[in-house]
Amino acid sequence: MGSGENWLWWRDGVLYQIYPRSFMDANGDGVGDLEGIRRRLGHLVSLGVDGVWLSPVFPSPMKDFGYDVADYCDIDPLFGTLGDFDRLVGEARDEGLRMILDWVPAHTSDEHPWFLDSRSSRTSPRKDWYFWRDPGRGGVPPNNWSSAFGGPAWEWDEATEQYYLHSHLKEQPDLNWRNPELVRAMHDTLRFWLERGVGGFRIDVIHRMLKDPGLRDNPEIPGVSGPGGQKHIHDENHPDVHAALRGIRTLLDGYDERMAVGEVYIFDPAEVAKYYGKGDELHLAFNFCFLRSRWDAAAFRHEVERFEAVVPEEGWPTLVLSNHDVPRHASRYDHPEWGESRARVAAMMLLTLRGTPFLYYGEEIGMRNTPIPEDRVKDPIARTLHPAVGRDPERTPMQWEPDPSAGFTDGEPWLPIGPDAVRRNVALQERDRTSLLWLYRELIALRRRTPALHRGRYETIDSADGVFAYERRSGESVARVALNFSEEPREADLGPGGVMAGLRTHRGTPLPERCGRVLLGPSEGIVLALV
Ligand code: NOJ
Numbered sequence: 213m214g215s216g217e218n219w220l221w222w223r224d225g226v227l228y229q230i231y232p233r234s235f236m237d238a239n240g241d242g243v244g245d246l247e248g249i250r251r252r253l254g255h256l257v258s259l260g261v262d263g264v265w266l267s268p269v270f271p272s273p274m275k276d277f278g279y280d281v282a283d284y285c286d287i288d289p290l291f292g293t294l295g296d297f298d299r300l301v302g303e304a305r306d307e308g309l310r311m312i313l314d315w316v317p318a319h320t321s322d323e324h325p326w327f328l329d330s331r332s333s334r335t336s337p338r339k340d341w342y343f344w345r346d347p348g349r350g351g352v353p354p355n356n357w358s359s360a361f362g363g364p365a366w367e368w369d370e371a372t373e374q375y376y377l378h379s380h381l382k383e384q385p386d387l388n389w390r391n392p393e394l395v396r397a398m399h400d401t402l403r404f405w406l407e408r409g410v411g412g413f414r415i416d417v418i419h420r421m422l423k424d425p426g427l428r429d430n431p432e433i434p435g436v437s438g439p440g441g442q443k444h445i446h447d448e449n450h451p452d453v454h455a456a457l458r459g460i461r462t463l464l465d466g467y468d469e470r471m472a473v474g475e476v477y478i479f480d481p482a483e484v485a486k487y488y489g490k491g492d493e494l495h496l497a498f499n500f501c502f503l504r505s506r507w508d509a510a511a512f513r514h515e516v517e518r519f520e521a522v523v524p525e526e527g528w529p530t531l532v533l534s535n536h537d538v539p540r541h542a543s544r545y546d547h548p549e550w551g552e553s554r555a556r557v558a559a560m561m562l563l564t565l566r567g568t569p570f571l572y573y574g575e576e577i578g579m580r581n582t583p584i585p586e587d588r589v590k591d592p593i594a595r596t597l598h599p600a601v602g603r604d605p606e607r608t609p610m611q612w613e614p615d616p617s618a619g620f621t622d623g624e625p626w627l628p629i630g631p632d633a634v635r636r637n638v639a640l641q642e643r644d645r646t647s648l649l650w651l652y653r654e655l656i657a658l659r660r661r662t663p664a665l666h667r668g669r670y671e672t673i674d675s676a677d678g679v680f681a682y683e684r685r686s687g688e689s690v691a692r693v694a695l696n697f698s699e700e701p702r703e704a705d706l707g708p709g710g711v712m713a714g715l716r717t718h719r720g721t722p723l724p725e726r727c728g729r730v731l732l733g734p735s736e737g738i739v740l741a742l743v
């Protein structure tokens, strides 16, 4: 779905994350599948996105719902077959959409044949593909590292009388990226999918791919328990990760227009920026700082400026408000009176800032988190960490239609359908030109046809308290944006220039003919493309 010369789909376009279990169930087993996604491609086309990231669809015991991979080169029968996948990639491609797979290089499932082999004896040829260590004195684990999912990061194996390392669940043993054979085997898995025509990869917990070679203890933080009770200086963000990324980049560069976006779950922009290397590491690195921002103009401005200051010239920012690991932003920023308006302002911000926007399925209709009754909880971390951090509420089925199963399944959905599905769904919003869905479509279309919005530089426009305003500029193309985060009317001075096109988050109010001083209602945003 190109637009003009030099259009690069993953940089100039908009990407969309699907959590496959919850997008569309075509076979009535209550879990979404590839055929379901294929049948709903029309929705993605009409939204106007350029690429789709699928959370993992590989064979998996599903202890962490696919982030425990048992075979990197196949499709789990729950989701379909390789044939279904090829068909999806082909049809998506015909519609101008690239598919991005979720590659999980830091750990496998404990049922992956490599791990089964590795744990089969102390002398297995694949022993060193994972981290096996003798116990410390008195049988204690080899070091003090804690798992991100709670408890120690080491699991005792009776048969071999050694511990193995797992930075997440004990069913997710960590891979050793210092072993050259493992590196070769993992590179082969990338080639397998690249040859099948995927557009690229989202790389899971990339900052945990390499660890301190000496496996030194992490410094403890006195008085804090759980995974936050230590400074993860030796088990994450090890500088050697960058050499591994250069290897992956070289491989990707052997193919046309492929990309990698890495999950760098670090909240220090300067560290995240290092994952771009000198244009020889990641194409995109997730910047998750918005996930922790308050609903506050100054907070978002601060995050944008912080990242702008460090992202290298060869790099390109990412914009993320929601994903499968955090509460949906329409819930985070919900408000009895202003919730709907805020979702619209958030959409305008996400789709007009500099960087590649990543939408999370359902945000285009304002889906909220769904409360999960105790007996339907699925996410393992609700058990291993704390019920309050369970991620099921943001993973519930896509709301397509106003029927009891939301048009998602003919069976019993694996997670409950949101209670608001009867009034918040794609079918209803499709018929209402003032809906959030239509705002997303129009914002994406405006971004596509306005070079300033998809490629332009970013500059903050100083504004009144509560307003976040900025200019985007690329050659002759100029756009200005003002977002009122406050609950009172505000004025923003957007400078000189005639207005050629634009959008308001509140429908019905006409656009001004000239830029200048623009009046914004409470929780209202405006984007203006100048002549
Ligand atoms: C990050 C993924 O986004 C999350 O869903 C998963 O549980 C962990 N990595 C472990 O793979």
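Quick note: the sequence shown uses our numbering, first residue 213, plus one each step. C-beta: ideal position from N, C-alpha, C; glycine also.
Sort out for me which residues DSSP pairs residue i with in a bridge.
i: D705; result: R729
i: R669; result: R685
i: Y228; result: V264, L571
i: G710; result: R726
i: D766; result: Beyond the ends of the chain as shown, which are 213 and 743, falls residue 766; an answer cannot be given.
i: I312; result: W265, G412
i: V690; result: R685
i: I680; result: In the sequence on display, residue 680 carries Phe and not Ile. The partner list for F680 (beta bridge, DSSP) reads L695.
i: V589; result: BP columns for V589 are empty, so no partner.
i: G248; result: Partner(s): none; G248 has no beta bridge.
i: Q442; result: E432
i: M471; result: G412
i: W344; result: Y376
i: D386; result: H319
i: V532; result: F570
i: L496; result: V473
i: A741; result: A691, A713
i: P271; result: Answer is none; P271 lacks a bridge partner.
i: S358; result: P364
Whole-angstrom Cβ separation of residue i and residue j, contact assumed at under 8 Å?
i: H419; j: Y477; result: 6 Å
i: W326; j: L496; result: Their Cβ separation, rounded to whole angstroms, is 28 Å, which puts W326 and L496 out of contact at 8 Å.
i: Y488; j: E526; result: 6 Å
i: Q229; j: Y573; result: 6 Å
i: F512; j: V532; result: At roughly 13 Å, the Cβ-Cβ gap does not stay under 8 Å, so F512 and V532 are not in contact.
i: I415; j: E475; result: 6 Å
i: R684; j: R566; result: 7 Å
i: R636; j: H536; result: Wrong, their Cβ atoms sit about 19 Å apart, outside the cutoff.
i: V679; j: L742; result: Actually they are not in contact, since the Cβ atoms of V679 and L742 sit about 19 Å apart, beyond 8 Å.
i: P605; j: I584; result: 6 Å
i: S321; j: D280; result: 4 Å
i: L406; j: Y467; result: 5 Å
i: R305; j: R250; result: Not quite, the Cβ-Cβ distance comes to about 12 Å (not below 8 Å), so this is no contact.
i: P734; j: E703; result: With 8 Å as the limit, P734 and E703 do not qualify as a contact, their Cβ atoms being about 13 Å apart.
i: G630; j: T582; result: 4 Å
i: F479; j: C285; result: In fact, because the Cβ distance is near 34 Å, the residues do not count as touching under 8 Å.
i: N499; j: T462; result: So it is not a contact: roughly 24 Å between Cβ atoms.
Tell me which residues pass a beta-carbon proximity test against the ligand NOJ: closer than 6 Å to any heavy atom, given in chain order. D276, Y279, V316, H380, D416, V417, E475, H536, D537
At a cut of 8 Å, does the stretch 442 to 455 reach the stretch 305 to 319 through at least three beta carbon pairs? no
Three CB pairs or more closer than 8 Å across the stretch 229 to 247 and the stretch 285 to 304: Taking a cut-off of 8 Å for Cβ pairs, the stretch 229 to 247 and the stretch 285 to 304 touch, as three or more such pairs fall below it.
Counting Cβ pairs, one atom from each stretch, are 3 or more of them under 8 Å apart for the stretch 640 to 660 and the stretch 671 to 678? Fewer than three beta-carbon pairs drawn from the stretch 640 to 660 and the stretch 671 to 678 are found closer than 8 Å, and the two stretches are therefore not classed as touching.
Touching by the beta-carbon criterion (3+ pairs, under 8 Å), the stretch 536 to 551 and the stretch 704 to 722: As far as the Cβ criterion goes, the stretch 536 to 551 does not touch the stretch 704 to 722, which means the pair count is below three.
Is there contact here, the stretch 726 to 742 with the stretch 689 to 703, by at least three beta-carbon pairs under 8 Å? yes
Assess contact between the stretch 581 to 598 and the stretch 353 to 373, defined as three or more Cβ pairs (one per stretch) separated by less than 8 Å. Is contact present? yes
Would you call the stretch 374 to 389 in contact with the stretch 330 to 346, where contact means no fewer than 3 C-beta pairs closer than 8 Å? Short answer: they touch.
Per the contact definition of three or more C-beta pairs closer than 8 Å, is the stretch 584 to 593 in contact with the stretch 621 to 628? yes
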